[in-house]
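The numbering of the sequence shown is my numbering, which starts it at 4 and goes up by one.
Heads up, the beta-carbon is just placed ideally off N, CA and C, and yes, glycines get one too.
Source: prediction; values computed, not measured.
Okay, structure first, notes after.
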Amino acid sequence: MIDVCFVKTGRAFLPEIYAYRAYLHKKGITTCIADDLKQAKQIHCKVYYRFGGFLTQRVANDSLEVHEYHTISTGRFVSLKNIVKSFFSAKPDYLSFLNSYVESTYFFSSGIPTFYRDMGAESSLLDIRKLSDKKDYDICYFGSISNREGVSDAILYLASKGYQLVVGGNASEKDQELFAKHDVHYLGVCSREVVYDCLSRSRFGLNIVPDEYPLNRQTATKVIEYLVAGIPVISNNYQWIREHSMSTGYDFLDLDSAIELNNVELGRFILNEAQAKRFTWDSILDECGFYKIIKELIERYESTSSCHCSNHD
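As structure tokens, this is what we get:
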């Protein structure tokens with residue numbers, strides 16, 4: 004019987020699932036992934052780990068569940084959406100949030116145990132620090148393009164200054180034409196392997212987040228990956244990046260100010276390796292007690308199942 008089944012929700016990429024599985028595998032815990040609720044119902048396991056969403060029903064009545072709310076609802080009626088999720092979702096056995104701020108936007112019962120888990124990056128990105136300083140690109144960007152305000156404009160602005168950019172993600176035909184016209188190396192939607200290879204070949208990493216709620220209050224995964232890889236960050240100026248850079252001890256290149264990449268003193272923009280390791284998935288999951296929580300739920304399931312078997316006998 005499988006210990007933990009991670010259940011995907013919608014079209015979200017959820018790279019944390021793979022980090023969770025790798026981490027728990029090293030601890031001897033068996034895991035699997037279900038693409039949706041229907042598939043999860045076909046898998047008999049001890050703990051279902053789910054990602055909200057509006058989770059109206061439990062996967063199975065005799066198993067335990069963790070519900071993770073990593074982001075705040077977006078679009079119109081944000082507060083109403085969070086209220087509906089809080090009061091009308093099936094009650095989990097544990098709740099996980101990105102941080103205490105994200106938790107404060109929901110209204111779940113205070114009786115449900117809770118833990119916080121921030122975003123991390125793969126420890127393999129630390130190896131990029133050991134590579135040669137000679138790079139093929141000045142700037143890399145992988146992520147939302149045409150459907151995120153300001154991204155294509157930022158890419159074209161940097162390209163117009165003569166910088167070599169490598170870019171990946173969903174882009175409209177119009178944006179692709181503009182990228183080609185400005186010699187932007189556009190790769191389309193890329194695998195993690197391609198993304199990490201391009202990170203290793205780039206001098207700087209670009210981050211663009213609209214300075215509007217709730218996006219400006221949530222961890223930027225790109226920035227975490229750049230910090231671990233030892234790549235200086237170019238970003239627009241918004242609340243999270245300001246607070247995170249100040250509390251962590253690095254500077255970022257402000258896209259809203261004049262940028263001259265060839266005259267940058269890199270020391271202020273890069274964390275040392277010991278600092279960067281704090282943001283790897285192993286460190287993030289160690290810090291939040293992830294293994295202890297999952298192990299506790301597995302043992303609780305096994306204890307309950309044992310009692311049921313004894314009563315049946």
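Item: Arginine 132 beta carbon less than 8 Å from that of alanine 232; Value: yes
Item: Closest residue to leucine 209 among Gly153, Asp39 and Phe110 (Cα-Cα distance); Value: Gly153
Item: Cβ pair count under 8 Å reaching 3, the segment 58-65 against the segment 24-34; Value: no
Item: Per-residue burial, valine 192 [other beta carbons within 10 Å of its own, 16 or more giving buried]; Value: exposed
Item: For isoleucine 148, the three-state DSSP class (helix, strand or coil); Value: coil
Item: Span separating the alpha-carbon of leucine 318 from that of arginine 303; Value: The requested residue 318 does not occur in the structure, where the chain is confined to residues 4 to 316.
Item: Three-state secondary structure (DSSP) of arginine 204; Value: coil
Item: Selection from Ala183, Tyr166 and Gln167 that minimises the alpha carbon distance to alanine 174; Value: Ala183
Item: Beta-carbon proximity check, valine 10 vs isoleucine 301, cutoff 8 Å; Value: no
Item: Among Asn240, Ile142 and Phe110, nearest to aspartate 257 - alpha-carbon criterion; Value: Asn240
Item: Backbone secondary structure at leucine 209 - three-state DSSP; Value: strand
Item: Enclosing beta strand (DSSP E) for lysine 225 [first to last residue]; Value: Element bounds for lysine 225: not the beta strand (DSSP E) but the alpha helix (DSSP H), 224-232.
Item: Those residues which DSSP pairs with phenylalanine 100 across a bridge; Value: Tyr72 and Tyr119
Item: Valine 192 at chain C interface by Cβ criterion, 8 Å; Value: The structure shown contains no chain C, having only a single protein chain.
Item: Distance, leucine 181 Cα to arginine 206 Cα; Value: 23 Å
Item: Straight-line gap, glutamate 268 to arginine 220 (C-alpha atoms, nearest Å); Value: 28 Å
Item: Segment limits, alpha helix (DSSP H) that includes valine 1; Value: Nothing about residue 1 can be read from this structure; the chain reaches only from 4 to 316.
Item: Cβ pair leucine 101, histidine 70 closer than 8 Å; Value: no
Item: Contacting residues, own chain, Cβ-Cβ under 7 Å from leucine 159 (five flanking each side not counted); Value: Leu181 and His185
Item: Reduced DSSP secondary structure (H/G/I, E/B, other) of alanine 63; Value: coil
Item: Whole runs of the beta strand (DSSP E) within the segment 18-63, excluding any shorter than 3 residues; Value: 34-37 and 48-54
Item: Segment contact flag, the segment 117-124 with the segment 280-296, C-beta cutoff 8 Å, min 3 pairs; Value: yes
Item: Whether tyrosine 140 touches valine 187 by CB criterion (8 Å); Value: no
Item: Opening and closing residue of the alpha helix (DSSP H) in which isoleucine 244 lies; Value: 242-251
Item: For threonine 12 and glycine 55, the rounded distance between their alpha carbons; Value: 7 Å
Item: N-terminal and C-terminal residue of the beta strand (DSSP E) that leucine 288 is part of; Value: No beta strand (DSSP E) holds leucine 288; the alpha helix (DSSP H) holding it covers 284-290.
Item: Outcome for glutamate 196 when other beta-carbon atoms lying within 10 angstroms are tallied against a minimum of 16; Value: exposed
Item: Close-in-space but distant-in-sequence residues of the same chain around alanine 162 (CB under 7 Å, 5 per side omitted); Value: Leu168, His185, Asp186 and Val187
Item: For alanine 261, three-class secondary structure by DSSP; Value: coil
Item: Tyrosine 140 in three-state terms, based on DSSP; Value: strand
Item: Inter-residue Cα distance where the pair is lysine 94 and glycine 31; Value: 28 Å
Item: Alpha-carbon to alpha-carbon, leucine 58 and aspartate 136; Value: 47 Å
Item: Buried/exposed call for glycine 171, threshold 16 Cβ in 10 Å; Value: buried
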